[in-house]
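J.: Here you go, one structure.
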Amino acid sequence: MRRLIIALAASAVAVPLAAGPATAAPLKSCGPVKMAGLPQPLAIKVKVKNLSCADATLLWTSYISTGGALAPPLDELVASCKDGPKAARKKAAKVNRLAIVCRKGKVVTTAWALGG
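Counted the way this note's numbering counts, the sequence shown spans residues 7 to 122.
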């Protein structure tokens with residue numbers, strides 16, 4: 007009888023721990039970055055953290071195509087861009103893309119950019 011009570015008590019404690027609250031994804035997905043006149047999007051799999059999707063679109067358009075003038079915070083973010091993780095680079099290369107991550111403080115954006 008004691009074993010049964012102990013087993014029930016242990017399972018009652020374990021169930022709430024296993025069914026904890028879900029956490030939000032750290033990066034928010036945005037749509038592909040397109041440019042008029044090009045058949046393919048400039049960047050796909052665009053994700054952001056602490057940045058709007060509109061700002062990410064401006065950033066990736068400038069980074070990939072013209073290198074046009076951006077607001078100072080976005081310009082600093084572009085200066086911090088580098089290759090993404092090795093696994094992401096391999097997957098992006100299969101579809102002729104470059105995996106790029108731009109990180110400045112708490113602001114992060116990632117994308118698979120045209121040019122691979």
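Ideal placement from N, C-alpha and C gives every residue a C-beta, glycine not left out.
Could you check what DSSP says for residue 64 in three-state terms: helix, strand or coil?
T.: helix
J.: Within its chain, find whatever has a CB closer than 7 Å to the CB of residue 51; leave out the 5 residues flanking it on each side and keep chain order.
T.: 117, 118
J.: For a test of the three-state rule: what should DSSP assign to residue 59, helix, strand or coil?
T.: helix
J.: Go ahead and label residue 74 buried or exposed: buried means 16 or more other beta carbons lie within 10 angstroms of its beta carbon, across all protein chains shown.
T.: exposed
J.: Quick check: what's the CA-CA separation for residue 104 versus residue 89?
T.: 8 Å
J.: Buried or exposed, going by whether 16 or more other CB atoms sit within 10 Å of the CB of residue 78?
T.: exposed
J.: Would you identify the three-state DSSP class for residue 96, choosing helix, strand or coil?
T.: DSSP, read as helix, strand or coil, puts residue 96 in helix.
J.: For residue 32, does the count of other Cβ atoms within 10 angstroms reach 16, so buried, or fall short, so exposed?
T.: exposed
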